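Peer 1: I have a structure I would like to understand better, so I am pasting it below and will then ask my questions one at a time.
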Amino acid sequence: SLPPVSIMLIFFTLILALCGVASIDVNKVSTLENLVEAESFRPSVKHEDFLRRGASIHTDNWAVLVCTSRFWFNYRHIANTLAVYRSLKRLGMPDSRIILMLADDMACNPRNVEPGSVFADDVQRLDLYGDNIEVDYRGYEVTVESFIRVLTGRHKEGTPPSKRLLTSPGSNVLIYMTGHGGDEFLKFQDTEEISSMDIADAVAQMWEKGRYNELLFMVDTCQAGTLFKHLYSPRLLGVGSSQVGENSYSWGHNAHVGLSTSDRFTFVLLQQLEEVQLGGRKSLLELFRAFDARKLMSTPAFMTDQWKHRVLSQVLVTDFFGATVAVDTSIVPCPLQAAAAWGG
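Residue numbers for the sequence shown follow the numbering used here, beginning at 1 and rising by one.
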């Protein structure tokens with residue numbers, strides 16, 4: 001006969017199975033090959049109905065762009081964030097739908113040989129700062145607390161609308177973060193850290209409060225994929241620059257500025273976004289395929305286990321990176337070229 005402990009384990013296993021409770025897979029971060037294989041998945045009607053409970057029709061797009069690093073030698077992290085910011089505005093997303101959080105001001109740094117400018121490349125010399133930028137959180141305002149308050153909507157009394165993520169159940173939300181990180185954490189201001197559990201809890205609150213329809217979470221940092229480890233909310237995609245145990249690397253060196261002006265993952269992202277036109281049909285799967293490990297010098301991480309209602313080949317880049325209606329922004333695309341070989 002079975003010992004009492006074994007009988008109890010079997011009993012509780014049956015109860016969990018009957019209740020439909022499944023364990024969370026903590027090894028759910030996949031590679032590009034797994035991502036392509038997953039495209040054969042087609043959600044059932046019942047599954048789609050379940051995922052759409054409490055969700056709405058896609059109505060608008062929002063973005064939260066976060067650079068968590070200070071100091072001149074982290075110039076590239078500011079440039080990373082401003083590169084995504086520029087692409088969003090070029091594709092029609094207004095400043096009122098973008099929460100921009102910059103932990104430092106490189107444009108006004110006394111070491112900057114080009115005052116008032118921030119560059120992501122050294123070929124076309126694309127100025128990412130310009131004269132039309134709205135920073136919502138700057139300097140020491142960029143903290144773990146302020147970031148979580150933005151996501152969850154739990155602000156202090158008197159916080160102006162420009163610092164709030166005023167989304168609805170029909171909003172698609174892009175969260176982009178860059179800085180220095182490690183296994184399941186991302187540093188803020190070199191003084192504090194946000195953990196993968198913190199992020200998972202904040203996103204769960206967003207879903208429970210009806211603050212998003214679909215969510216794309218992108219991270220450019222070392223061991224970026226580990227930040228997806230505890231995410232469990234529906235209709236969520238995670239994309240990171242590296243897997244567990246891997247570093248994320250900067251791209252090239254700008255001799256004029258005196259340091260690297262971009263990270264490889266974000267440089268590839270910017271190259272791809274500059275090819276997207278207003279009303280374009282480029283899919284997220286095409287975008288993800290551009291993250292070549294040979295160019296990145298790290299293995300890109302993809303988290304798709306909570307994305308079960310649409311296949312990625314049918315999800316447009318402009319479903320997250322741009323406006324939901326055609327808007328003429330008069331910002332001209334600037335195709336980027338690498339001055340140095342990718343292997344350098």
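Think of the CB as a built atom: it goes at the ideal place given N, C-alpha and C, for glycine as much as any other residue. Being a predicted model, the structure only gives us computed values, none of them experimental.
1) Run through the DSSP bridge pairs and tell me what ASP220 is partnered with.
2) Compare the C-alpha of ARG235 against each of THR191, THR261, ARG211 and name the closest.
3) To the nearest angstrom, how far is the alpha carbon of ARG42 from that of ASN132?
4) Report the partner residues of GLY238 according to the DSSP bridge assignment.
5) Alpha carbon to alpha carbon, how far is LYS46 from ARG310?
6) State buried or exposed for VAL26, treating a residue as buried only when at least 16 other CB atoms are found within 10 Å of its CB.
7) Go to TYR66, then tell me how far its beta strand (DSSP E) extends in each direction, as first and last residue.
8) Would you mind working out which of MET101, TYR129, THR152, GLU246 sits nearest ASN112, comparing C-alpha positions?
9) Within 10 angstroms of the Cβ of ILE99, are there 16 or more other Cβ atoms? Answer buried if so, exposed if not.
10) Run the CB neighbour count on GLU194, radius 10 Å, all protein chains shown included, and call it buried at 16 or more, exposed below.
11) When you compare only the Cα positions, how much space is there between GLN223 and LEU186?
12) Buried or exposed: which applies to MET197, given that a residue is buried once 16 or more other Cβ atoms fall within 10 Å of its Cβ?
13) For ASN247, which option in ASP60, LEU259, GLY225, ARG289 has the closest C-alpha, if you only look at C-alpha atoms?
14) Give the DSSP bridge partners of PHE188, in chain order.
15) State buried or exposed for GLU184, treating a residue as buried only when at least 16 other CB atoms are found within 10 Å of its CB.
16) Under DSSP, the alpha helix (DSSP H) around LEU287 begins and ends at which residues?
17) Could you round the C-beta distance between VAL268 and VAL317 to whole angstroms and report it? I think they count as a contact, below 8 Å.
18) Taking C-alpha atoms, which residue in ASN80, ASN172, GLN306, ARG97 lies nearest to ALA230?
Peer 2: Well, looking at it:
1) THR178
2) ARG211
3) With a pLDDT of 49 at ARG42, under the threshold of 50, the modelled position of this residue cannot be trusted, and the question is left open.
4) PHE217, MET303
5) In this predicted model, LYS46 has a pLDDT of only 48, less than 50, meaning its place in the structure is not dependable; the value taken from the coordinates is given anyway. Cα-Cα distance, rounded: 14 Å.
6) Interpretation of VAL26 is limited by its pLDDT of 40, a score under 50 that renders its predicted location unreliable; the figure taken from the coordinates is listed afterwards. Exposed, since its Cβ has fewer than 16 Cβ neighbours within 10 Å.
7) What sits at residue 66 in the sequence shown is Val, not Tyr. 60-67 is the extent of the beta strand (DSSP E) around VAL66.
8) TYR129
9) buried
10) It should be pointed out that residue 194 corresponds to Ile in this sequence rather than to Glu. It is buried - the Cβ of ILE194 has at least 16 other Cβ atoms within 10 Å.
11) 9 Å
12) exposed
13) GLY225
14) GLU192
15) buried
16) 284-289
17) Wrong, their Cβ atoms sit about 13 Å apart, outside the cutoff.
18) A small fix is needed here, since residue 230 is His in this sequence, not Ala. The shortest C-alpha separation from HIS230 is found at GLN306.
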